[in-house]
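Chemist: One structure coming up, written as structure tokens, with questions to follow.
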Amino acid sequence: MFSEFLQYLFTGITIGATYALIALGFTLIYNASHVINFAQGEFLMIGGMATVSLTAMGVPMLLAIVLAVVLAGVLGIALQRLAIAPAKNADVVTLIIITIGASIFIRGLAQLVWGKEYHVMPNFSSEEPIQIFGAVLNSQSLWVLGVGAVLVAVLVYFFTRTLTGKAILATSMNKDAARLVGIRTQVVLMLAFMVSALLGSVAGIVVAPITFTSYDIGIILGLKGFVAAAIGGLGSGMGAVVGGLALGVVEAMAAGYLSSDYKDAVAFSMILVVLFFMPRGLFGAKVVERV
Amino acid sequence: MFKKITRRASKVAAIAAAGLLAMNVQAADPIRIGSFLSVTGPASFLGDPELKTLEMYVEKINKEGGVLGRQLELVHYDDAGNASKARNFASRLIRSDRVDIIVGGSTTGATMAAAPMVEQAGIPFISLAGAVVITDPVKKWVFKTPQTDRMAAERVLTDMKERGLTKVGLISGTGGFGSSGREQTLAAASAMGGIEIVADETYGGSDTDMTAQLTNIRGTDGVQTILNFGFGQGPAIVTRNYAQLGIELPFYQSHGVASDGFLELAGNSAEGLRLPASPLLVPESLPADDPQKPVVEAYKTEYEARWNSKVSTFGAYAYDGLMLAVEAIEKAGSTDKAAVRDALESIQGHVGVTGTFNMSPEDHNGLEAESFRILEVQDGGWKLIN
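Spelled out as structure tokens, the structure:
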């Protein structure tokens, strides 16, 4: 009985950590521009697919990961320069729609370059699962959790301790005022897109051994990541992690104890409940206070 | 004025040319084979090898002198997996292209959308899609080449019974293929008797972890074996979770994952699992006296030599469809639609890649569940069990 509960919990944490990592990418661009970047899922896909195809070409795993992350970063800059910057005076909704268009474009390109098949990436460490009290945990889940924790810490440090991070926050709070005090807001935006592309691709690489990867993986995972970010309160790194884990654990518990048919319904009802009582999400209130 | 004259002149010329052409080729008027396939879009893994197969064999048959001394002409449209497009193209094939027979319809949706038009127009139609609804109840003009999911379910359950496994835990995807497979498995189990579905779990097409469902099945009283009916990457994740959880029960998958791509995704975790599949996956392990062996081997070699890519089960459906059409036209001795239809319905012992077809007025598929071979994954490859 206990081992079953533990198994559902581990499953939930595995799924949840994946969602959390993706949700983190959304928070950064949201913080900088209040734009929800729906191309975030595509950075995820680029990370995973580029790593897989580079390793298939004989590049060592570690180098392949670095190259994939760099590629995603370049794409992030290109996205901001070529799609977002020309429409800099448009309002946020228009920019969000632009990111949706960009995501369709990137996906189409990836389909042409890499084809439509699913690909595998080996676990970073052992393929053997870890046994705890009769339940098993995929060792890759620990990587996802660990990388997630490191990224959160780095993000918190970046936003509270560095000038660039503060510049990003300032730009998000008031673009005109930020420009008045000498912040080059377009550069800040470009930076935000680049960093969030890096973040997205790292997430895509770490979760690929669990989820497999293909040209369209970004739609599904991107959407779930966005939901997790919304539960946690958009813009909060901590919120993204808690929202992701909560979503994952609720899904797994519902599949285990209720019925697998209803697991998505339960997860989505949870969003309704959370957003009904806390419209800014679990951790969103802090942002409001700061403003 | 001048424009008008030229237009009229060109019209006259066109008519004259057409008349000349008609007179010239009266004897060797090509036989027009119409097709609509999902060559692009989400079902392109079906339509792409199907189109390649049709193109290559129409070419080959023409080089060998055609059918009834006439050349074949393939008229093809891409429905991109969209049922309403499929319906439009079917109508175009019938009304404006005036084809003699249709071989196509990669998905069940496309096939079912086109079926009413085909019935109305009275033109023989060989579908390449799987679901049982296409030929049950029988439609006068509609035939199909792949086995139904019902047969896959029956084949798996029979194999389980032979191994003495009678309590089955079922896990299926919620997509079209998985949910239809689930219904057919439940129906087949209650029709066969002596075998019981004790657990019934599902997962979404985009889920990334199925450990919770598998843990539930493992905890079910008396469960002796597990069957996964699904398509795409889901079954590969189920297989990996199965291995991670260390479940020792015999494990079955459906024909939906019978491809080398699945083995690559599932890796080591797939060791020992069984599934029903086309003999196309294991041509070399077929016994020498198997009537399908030469057909399967020839198709595989020719396809791989021509396209330089791995042969797929889905392309084989198109091969069988085209060959059935050719045999029916030869038997009918003409392209008269009613005669070809009657000939199709009376085809007996046609050895194809998918199986041996025995058509009848009650059965427009003509395959037995036994045409599925049970394969087991051993040392990262397929092994023929029976």
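Protein sequences, first through last, are from chains D and R.
In terms of my numbering, the first sequence opens at residue 1278 and continues consecutively.
In terms of my numbering, the second sequence opens at residue 357 and continues consecutively.
All C-beta atoms, glycine included, are put in the ideal place defined by N, C-alpha and C.
#1: If I'm right that Gln569 of chain R touches Glu557 of chain R with Cβ under 8 Å, what's the distance once you round it to whole angstroms?
#2: Please report the straight-line C-alpha distance between Leu428 of chain R and Arg443 of chain R, rounded to a whole angstrom.
#3: So with CB distances below 7 Å, who are the chain R contacts of Asn1314 of chain D?
#4: Check whether the Cβ atoms of Met473 of chain R and Ala439 of chain R sit closer than 8 Å, and answer yes or no.
#5: Does any residue of chain A bring its CB to less than 8 Å from the CB of Ala626 of chain R?
#6: What are the start and end residues of the alpha helix (DSSP H) that includes Glu701 of chain R?
#7: Would you identify the three-state DSSP class for Ala555 of chain R, choosing helix, strand or coil?
#8: Checking 8 Å against the spacing of the C-beta atoms, do Ala1506 of chain D and Gly1525 of chain D come in under that value?
#9: Okay, do the region 1283–1302 of chain D and the region 1476–1485 of chain D touch, 3+ Cβ pairs below 8 Å being the bar?
#10: Can you tell me the Cα-Cα spacing of Gly525 of chain R and Gln580 of chain R, whole angstroms?
#11: Could you tell me which uninterrupted alpha helix (DSSP H) segments, each at least 4 residues in length, are contained entirely in the region 1338–1386 of chain D, listed from first to last along the chain?
#12: Is Tyr598 of chain R close to chain D? Criterion is C-beta to C-beta, closer than 8 Å.
#13: Would you mind stating whether Phe1489 of chain D and His1396 of chain D have Cβ atoms separated by less than 8 Å?
#14: Tell me which residues of the region 570–593 of chain R have at least one Cβ-Cβ distance to chain D shorter than 8 Å, keeping chain order.
#15: So what does DSSP say about Ile457 of chain R, is it helix, strand or coil?
#16: Return the CA-CA distance between Ser1310 of chain D and Ala1469 of chain D, expressed in angstroms with no decimal places.
#17: Looking at the C-beta of Asn1415 of chain D, does it have a partner C-beta in chain R at a distance below 8 Å?
#18: Looking at the unbroken alpha helix (DSSP H) that takes in Tyr413 of chain R, where does it start and where does it end?
#19: Which runs of the beta strand (DSSP E) at least 3 residues long sit entirely within the region 600–651 of chain R? Give them in chain order.
#20: Give the secondary structure of Met379 of chain R by DSSP, where H, G and I count as helix, E and B as strand, and everything else as coil.
#21: Alpha carbons only, please: which of R:Pro480, R:Thr464, R:Thr409, R:Ala471 is nearest the one belonging to Ala694 of chain R?
#22: Apart from the five residues on each side of it in sequence, which residues of its chain come closer than 7 Å, Cβ to Cβ, to Ile731 of chain R?
#23: Does the contact criterion of 3 or more C-beta pairs under 8 Å hold for the region 703–720 of chain R versus the region 492–511 of chain R?
#24: Report buried or exposed for Asp676 of chain R, applying the criterion of at least 16 other Cβ atoms within 10 angstroms of its Cβ.
#25: Which term fits Leu1340 of chain D, buried or exposed, when burial requires 16 or more other beta carbons within 10 angstroms of its beta carbon?
#26: Could you give the distance in angstroms between the alpha-carbon of Glu726 of chain R and the alpha-carbon of Val1518 of chain D?
#27: Determine whether the beta carbon atoms of Tyr598 of chain R and Phe585 of chain R lie at a separation below 8 Å.
#28: Counting pairs of beta carbons, one from the region 1338–1353 of chain D and one from the region 1405–1421 of chain D, are three or more of them closer than 8 Å?
Modeler: Straight from the coordinates:
#1: 4 Å
#2: 23 Å
#3: Contact annotation for Asn1314 of chain D against chain R: no contact, minimum CB-CB distance about 20 Å [criterion: below 7 Å].
#4: No; because the gap between Cβ atoms is not below 8 Å, this pair is not in contact.
#5: Checking the listed chains, one finds no chain A in this structure; the protein chains it contains are D and R.
#6: 693–701
#7: strand
#8: With respect to Gly1525 of chain D, Ala1506 of chain D sits apart: the two C-beta atoms are not nearer than 8 Å.
#9: Taking 8 Å as the limit for Cβ pairs, the verdict is that the region 1476–1485 of chain D does touch the region 1283–1302 of chain D.
#10: Taking the straight line joining both Cα atoms gives about 8 Å.
#11: 1338–1356
#12: The C-beta of Tyr598 of chain R comes no closer than 8 Å to any C-beta of chain D.
#13: yes
#14: Thr571, Asn572, Gly575, Gly588, Gln589, Ala592, Ile593
#15: strand
#16: 9 Å
#17: By the rule that beta-carbons nearer than 8 Å mark a contact, Asn1415 of chain D touches chain R.
#18: Judged by DSSP secondary structure, Tyr413 of chain R falls within the alpha helix (DSSP H) whose first and last residues are 400–419.
#19: 607–609, 630–633
#20: Because the pLDDT at Met379 of chain R is just 46, under 50, the model does not fix this residue reliably, and the value given afterwards should be weighed accordingly. It is helical.
#21: R:Pro480
#22: According to the sequence displayed, residue 731 of chain R carries Leu and not Ile. Closer than 7 Å at Cβ, skipping near neighbours: Arg630, Leu631, Ala633, Leu637, Val638, Trp738, Lys739, Leu740, Ile741.
#23: yes
#24: buried
#25: exposed
#26: 52 Å
#27: no
#28: no
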